[in-house]
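Worksheet: the structure to be examined is printed underneath.
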Amino acid sequence: MDFTQNFSLKGKVAWVTGASYGIGFGIATAFAQAGATIVFNDLTQEKVDKGLDSYKAEGIQAHGYVCNVCDEEAVKATIEQIHKDVGLIDILVNNAGIIKRIPMLEMKVEDFRAVVDVDLNAPFIVSKNVIPDMIKKGHGKIINICSMMSELGRETVSAYAAAKGGLKMLTRNICSEYGKYNIQCNGIGPGYIATPQTAPLRERQPDGSRHPFDSFIVSKTPAERWGDPKDLQGPAVFLASDASNFVNGHILYVDGGILAYIGRQPQ
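Rendered as structure tokens:
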């Protein structure tokens, strides 16, 4: 067999949560190009319809569902509908997430809980309800979208860092419990990616200079640039494919080298 066939996703059903745009859309597009059938969800029909239009523009026939991944009953109902429409799920990407940039002492408890609910509890809920499909099939791939904040702290992101650190450990625990069923659960830790969510941090200032945070990130990244959603496509296809069948419980950081770099010496 041609070795490159190990990277094929032909015949696979892949659910990428929150994949109407951004990182999730980029990953799902790559999966489709590798042969997978794509299903995704968002919170409203309007957002799902926009996502379907975006996939159609790429020549992809995706299946979109309105589903709040924090609601277990909604997740169960969505999985049942996916079964009817396209079959059992082979690949799950827990991509849906939020961030609230608020200093810890100013953050309301309900805001902290909201971030943890979407970024940590939802991946638990969706994984818990998809793993039985994978056990039935005798194989499965779960990819959790972690973060550099799974390893690092930074001001204003206490809830996000706590949730993503927890997601790293949930990844390892799913590996530990379900690896015997030929289920591989790994994570991708994106660096700073140029998406609509991060666009305000990259806006030019009135004098034409870079946003201070933009300058900070570029200076801390050996690649000297922000990532593009396409930078995540190869790693995601690898972790979703048979090429990674003996890779389990691993977090693959796609960060342009930030975590390896101490930074420049002051002049």
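My numbering applies: residue 147 is where the sequence shown begins, and numbers increase by one. We put the beta carbon where it would ideally sit given N, CA and C, even for glycine. The structure displayed is predicted, hence computed values, not measured ones.
Of the residues the options, the one placed nearest residue i, counting alpha carbons only
| i | options | result |
| --- | --- | --- |
| GLY88 | GLY164, ASP401, LYS283, PHE171 | This structure cannot speak to residue 88, because the chain is shown only from 147 to 413. |
| ALA389 | GLY286, TRP372, ASN319 | GLY286 |
| VAL159 | ASP148, ILE184, ILE169 | ILE184 |
| VAL255 | PRO381, SER304, ILE397, MET315 | SER304 |
| ASP217 | LYS326, ILE271, LEU238 | ILE271 |
| ILE397 | LEU378, GLN411, GLY409, TYR407 | LEU378 |
| ASN290 | CYS321, ALA220, ASN187 | CYS321 |
| ASN152 | TYR407, ALA406, SER387 | SER387 |
| TYR211 | MET253, PRO375, VAL162 | VAL162 |
Residue i versus residue j - alpha carbon distance
| i | j | result |
| --- | --- | --- |
| ALA260 | GLN413 | 42 angstroms |
| ASP199 | HIS209 | 11 angstroms |
| ASN275 | LEU385 | 20 angstroms |
| THR105 | LEU251 | Nothing about residue 105 can be reported from this structure: the residues present for the chain run from 147 to 413 only. |
| SER361 | GLY157 | 44 angstroms |
| ASP195 | TYR399 | 31 angstroms |
| GLY354 | PRO381 | 35 angstroms |
| ILE404 | LYS230 | 43 angstroms |
| PRO342 | ASN241 | 15 angstroms |
| LEU316 | PHE171 | 23 angstroms |
| GLY409 | THR367 | 8 angstroms |
| GLN351 | LEU189 | 33 angstroms |
| VAL221 | GLN411 | 49 angstroms |
| ILE281 | MET295 | 31 angstroms |
| CYS213 | GLU219 | 10 angstroms |
| MET253 | THR150 | 49 angstroms |
Which of helix, strand or coil DSSP assigns to residue i
| i | result |
| --- | --- |
| GLN151 | helix |
| GLY286 | strand |
| TYR407 | coil |
| TYR421 | Here the chain covers residues 147 to 413 and nothing more, so residue 421 does not appear. |
| ASP263 | helix |
| THR190 | coil |
| THR183 | strand |
| ALA386 | helix |
| GLY197 | helix |
| LYS176 | The residue asked about is misnamed: residue 176 is Ala in this sequence, not Lys. ALA176: helix per DSSP, three-state reduction. |
| LEU251 | helix |
| ALA268 | helix |
Integer Cβ distance of residue i from residue j, believed to fall under 8 angstroms
| i | j | result |
| --- | --- | --- |
| PRO308 | VAL262 | Reading off the sequence, residue 308 comes out as Ala, not Pro. Between VAL262 and ALA308 the Cβ distance is about 7 angstroms, and since that is below 8 angstroms, they are a contact. |
| VAL239 | ILE173 | 6 angstroms |
| SER166 | LYS193 | 5 angstroms |
| ASN394 | ASN332 | 7 angstroms |
Below-8 angstroms beta-carbon distance, residue i vs any chain D residue
| i | result |
| --- | --- |
| ARG259 | Among the chains in the structure shown there is no chain D, since it carries only a single protein chain. |
Segments assigned alpha helix (DSSP H), at least 4 residues, entirely inside the segment 308-368: 358-366
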